[in-house]
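Following: one structure in structure tokens, then a few remarks.
Residue numbers (the working numbering), protein chains in the order written: chain A, 2 to 362; chain B, 2 to 362.
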């Protein structure tokens, strides 16, 4: 059985690492010469809108999935006529557009921050009478890791912020002074079976995820799981989905969802019985979903821009290192460390030690 | 950093799967066209005694290891002049010959069954006056999975058994009516750091390992660890070693050692903080050894000859499936299932269910 993947980055790489033990093989389509999944998967080098390359992928693969949502929906539409593609197209097109996404949340009675779609400066000015400062302006499409976003604090910010977007359709939202950013990762297979991992608390710096901690038996679990199940069932979803939420007091507000395995779920590689990568593969192959039971304490620290001393990292008893085989570059995700244990004091001590190692490069 | 491996079977495959997250890459030398490690490692196709191919491996790899002990010692000797090779040659040549192996055990005060080297039928007949029936005749070299062995129950067996060996040098040993067969797996790095996994109880059928169970806090741990440390230090060993022992009452008798990762340690993939494959790589790269702490209950069931229904296996909550991507063939190891949990009742229930699934094909 050969799994096709659109994209050959670290998520494709970790899908393949999780899938080989199930007896699966992998082929990915990626434009770059040194796609980091290339050491564990065959590669078709080409652009995502290259029909001949898509045709080849469809011929070679028994089922196709994707590792990120900024691929042309037309590519998935084309492939889906020739080979099963999961998650479904509707999930992809919805996740690609913040307006569709927010409207779907509302339709499913999933709370969101207030939002207004914006097509020009006048609409932005009008919206800021309805939505109070501070607010956040986001492009409807193509945003990731905080890119394509601007915080609006006063009327004077509007013109600059709008011009910065180069006139692309946008959305303006209430800026939420959240207590926590959390995400929930869940899997659904063809048969409609659903499994949710424990919610994860996420810490971003400058829009990039730095740290995630699994919250076993957290008070937000029930609400978050309920929200994500509504999404999964409505979309007749197959695969892993990630729903990102802001928590304010007891309230959860949906921010966005990703129709894929997610950085905030990397801790499951060492902290859950079956990780998000294997469960994504099980879901798209309609195999029984694996247990999402987790260790008592589990967290993940991202390695960004540089990789610190491997020796120092590996000296920490519960550190599991996951490098992506990528060259160092500012702002680039190069790997992560998982820390999983049943002892809280050890957990906190090792996280502290690892954060020191990571911060001192 | 590129790791070279002599052999491209499942052990090489699992070394590579464990090593990619450390940012390592792999190249293996294997004669077969469909070496199952080929999906996660580059391959040089060639025989182990092909000097040009060994030369190429030495050029490409920063350090070389091997996945099984039936490779020509001359190949390792040749490579070792050009590139670091671990485990050391002396460990390989000793493990390749049951007589050298047993003599080393004795030298290190590691108890063994009584044994006599045999070069002809007369020596065999003479030996059976010293060693009582039942005894076991084994070729000194090239034996694995019970091959090259014959049980001797009476004088009449001697001629047939000896003729069966085609005159190769052999060893005759006391047949041990053991209570348990156990193994201990340990790692040693360049710096002399040693870590031992919990001993494992092993069940063989017709010479092939079928089932291994980790024995956490077992009464045999101290003695087994002491034995394996003597071996590691004497050999100035680097890498993972496996020492197989017979237990009779409280006594441990060394049977053989393997200078490599071992089937009886596959449970560590899901039942230990750092598994045998990663610890082998850490050892040969002189990185800090990873924790060998294990879950309370851990076991492994081998999949031999056929792979049963993947659906049924994956329905068991704590089953982690590891397939090798090999065609089905009688007597061939095709994969294994690990079962790891902290609850004894669940553990026993799932092992029973999985053994039923495996036995019913």
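A virtual CB, placed ideally from N, CA and C, is assigned to each residue, including glycine.
Given the structure is predicted, the values throughout are model-derived calculations rather than measurements.
query, result
"Within 8 Å, strictly: CB atoms of residue 246(B) and residue 225(B)", "yes"
"C-alpha gap between residue 304(A) and residue 19(B), whole angstroms", "19 Å"
"Host beta strand (DSSP E) of residue 301(B) (start-end)", "298-305"
"Host alpha helix (DSSP H) of residue 79(A) (start-end)", "74-81"
"Close beta carbons around residue 235(A), own chain, < 7 Å, minus the five adjacent residues each side", "109"
"Residues within the stretch 305-338 of chain A neighbouring chain B, beta-carbon criterion of under 7 Å", "311, 312, 315, 316, 318, 319, 322, 323, 324, 326"
"Residue burial classification, residue 53(B) (beta-carbon count within 10 angstroms, cutoff 16)", "exposed"
"C-beta neighbour in chain B for residue 24(A), strict 8 Å", "yes"
"C-alpha gap between residue 164(B) and residue 81(B), whole angstroms", "37 Å"
"8 Å Cβ cutoff, residue 40(A) in contact with chain B", "yes"
"Proximity of residue 355(A) and residue 302(A) at Cβ, strictly below 8 Å", "yes"
"N-terminal and C-terminal residue of the beta strand (DSSP E) that residue 150(A) is part of", "150-153"
"Proximity winner among 186(A), 194(A), 241(A), relative to residue 223(A) (alpha-carbon distances)", "186(A)"
"At least three beta-carbon pairs within less than 8 Å, the stretch 47-61 of chain A to the stretch 199-215 of chain A", "no"
"Short Cβ contact (8 Å threshold) for residue 272(A) with residue 188(A)", "no"
"For residue 310(B), three-class secondary structure by DSSP", "coil"
"CB contact below 8 Å: residue 289(A) versus chain B", "yes"
"Beta carbon of residue 312(B) nearer than 8 Å to that of residue 244(A)", "no"
"For residue 363(A), the three-state DSSP class (helix, strand or coil)", "Nothing can be reported for residue 363(A): it is not among the residues displayed for chain A, which extend from 2 to 362."
"For residue 41(B), the residue or residues it bridges with in DSSP", "According to DSSP, residue 41(B) bridges with nothing at all."
"Segments of 3+ residues assigned as beta strand (DSSP E) that fall wholly inside the stretch 157-241 of chain A", "171-175, 181-189, 195-197, 201-206, 209-215"
"Cβ of residue 223(B) within 8 Å of any chain A Cβ", "no"
"Start-to-end residues for the beta strand (DSSP E) that takes in residue 340(A)", "334-342"
"Selection of the stretch 5-21 of chain A by Cβ proximity to chain B, strictly under 7 Å", "18, 21"
"6 Å CB neighbourhood of residue 73(B) in its chain, flanking five on each side removed", "49, 50"
"Rounded straight-line distance, which links the Cα of residue 138(A) to that of residue 119(A)", "9 Å"
"8 Å Cβ cutoff met for residue 15(A) and residue 278(A)", "yes"
"Limits of the beta strand (DSSP E) - the one that residue 353(A) falls within", "Per DSSP, residue 353(A) belongs to no beta strand (DSSP E); it is in the alpha helix (DSSP H), 345-360."
"Cβ-based contacts, 8 Å cut-off: residues of the stretch 271-299 of chain B near chain A", "274, 275, 283, 288, 289, 291, 292, 294"
"Beta-carbon proximity check, residue 17(A) vs residue 27(A), cutoff 8 Å", "yes"
"Beta bridge counterpart(s) of residue 31(B) as assigned by DSSP", "46(B)"
"Sub-8 Å separation of residue 173(A) and residue 116(A) beta-carbons", "yes"
"C-beta contact flag for residue 6(A) and residue 67(A) at 8 Å", "yes"
"Delimiting residues of the beta strand (DSSP E) encompassing residue 140(A)", "136-140"
"Per-residue DSSP class, three states only, for residue 26(A)", "strand"
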